[in-house]
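Engineer: Mind having a look at this structure? Questions to follow.
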Amino acid sequence: MKQVKDHFEEEAEIFDELIKTLIPFYDDMVESLILALPFHRGKKIKVLDLGCGTGNISKGVKERFSNAQITCVDMAENMIQIAKSKLAPYSDIEFKVADFRDLNFQEDYDAVISSLALHHLRPEEQESFYHRIKGFLKEGGVFYNADNITGTSSHLNQIYIDKWVDFILETHTQEEVEKIWLPKHREEDSPSPLRSHIQWMEEAGFRDVDVVWKHYYFGVYGGKK
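Heads up, my numbering is the position in the sequence shown plus 2, with the first residue counted as 1.
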């Protein structure tokens, strides 16, 4: 994970511009996660944002749920600094520079959210981490994740990757894709099939697990404790 941390420390300043050239329909993906949160807009809720990055999803949560109290966690200090600046107009936000694998919260949150973070864990860590996420939630609380996902077959997975590369090539050169983005993806990322995530969540005891949004190599899914 140190390699991932160093990468995000370096890219923090350009993350918001860069991410929209690397993730198709990024804004739609973020919006779908926020819309999935099943709370009255005026309710005071506690939210944990794992791998908050520059605070894009937390900002969207505060815009929709003005009384939300949010804990933003990211391992990259530079990302946290940008998130602090972006979220400065909002109250009730706490920031933690930490590896979310080391967190120890107890059944306190109405919602746990994450975006483009869990795929940095190894598949066996992803599977076991759902049990920990469940432990962060109150009874009836929800977890939703927007992330990189793979296909259930090599054929589908190659289609996903090809579609992703086609999107990146709209704003990046072939050389950048071959020498920067695909090598980084292979070295730092361990995405799992969406089907596996659903199974792992259900085995961890989550209910109403469903897919909210999907576009080839990326998806949003979640469920209720």
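All C-beta atoms in this analysis are idealised placements derived from N, C-alpha and C, irrespective of residue type, glycine included. This one's a predicted model, so the numbers in the text were calculated from it and none came from an experiment.
Does the pairing of the segment 128-135 with the segment 73-84 give three or more beta-carbon distances under 8 Å?
Structural biologist: Touching, no, given that fewer than three Cβ pairs across the two stretches are closer than 8 Å.
Engineer: When the Cα atoms are used, what is the spatial distance from S34 to G143?
Structural biologist: 18 Å
Engineer: Please state whether the Cβ-Cβ distance between G50 and V99 is less than 8 Å.
Structural biologist: One point to set straight first is that residue 50 is Leu, not Gly, in the sequence displayed. Here L50 is not near V99, since their CB atoms are 8 Å or more apart.
Engineer: Do Y92 and K64 have their beta-carbon atoms positioned less than 8 Å apart in this structure?
Structural biologist: yes
Engineer: Would you call the CB atoms of G221 and D212 closer than 8 Å?
Structural biologist: no
Engineer: Which residues mark the beginning and the end of the alpha helix (DSSP H) in which L37 is found?
Structural biologist: Y28 to A38
Engineer: Put R66 into one of helix, strand or coil per three-state DSSP.
Structural biologist: R66: helix per DSSP, three-state reduction.
Engineer: Helix, strand or coil, according to DSSP, for A113 in the structure here?
Structural biologist: Looking at A113 - three-state DSSP - the assignment turns out to be strand.
Engineer: Taking the C-alpha atoms as reference points, what is the distance between F208 and W202?
Structural biologist: 9 Å
Engineer: Can you name the residues that DSSP bridges to S194?
Structural biologist: Partner(s): I151.
Engineer: What's the C-alpha gap between L107 and K136?
Structural biologist: The sequence shown places Phe at residue 107, rather than the Leu named in the question. Taking the straight line from one Cα to the other gives about 10 Å.
Engineer: Contact defined as beta carbons within less than 8 Å: I believe K170 pairs with L24. What is the distance between those atoms, to the nearest angstrom?
Structural biologist: Before going further, note that residue 170 is Ile rather than Lys in the sequence given. Confirmed, about 6 Å.
Engineer: Where are the alpha helix (DSSP H) runs, 4 residues long or more, that stay fully inside the segment 68-106, in chain order?
Structural biologist: 79-88
Engineer: Would you say K227 and L89 are within 8 Å of each other, going by their C-beta atoms?
Structural biologist: Contact flag unset, no.
Engineer: Whole angstroms is fine: what's the gap from L20's alpha carbon to D110's?
Structural biologist: 34 Å
Engineer: When burial is assigned at 16 or more other CB atoms within 10 Å of the CB, is H122 buried or exposed?
Structural biologist: buried
Engineer: Suppose contacts are defined by Cβ-Cβ distances below 8 Å. Is F102 in contact with G44 by that definition?
Structural biologist: no
Engineer: Could you give the first and the last residue of the continuous alpha helix (DSSP H) run that contains L118?
Structural biologist: No alpha helix (DSSP H) holds L118; DSSP gives it neither H nor E.
Engineer: The beta strand (DSSP E) that contains G225, what's its start and end?
Structural biologist: It spans F220 to K226 - the beta strand (DSSP E) in which G225 sits, taken as one unbroken run.
Engineer: Mapping the DSSP letters down to three states, classify E141 as helix, strand or coil.
Structural biologist: Strand, per DSSP.
Engineer: Could you check the C-alpha separation between L118 and A148 for me, to the nearest Å?
Structural biologist: Straight-line Cα distance between these residues: approximately 6 Å.
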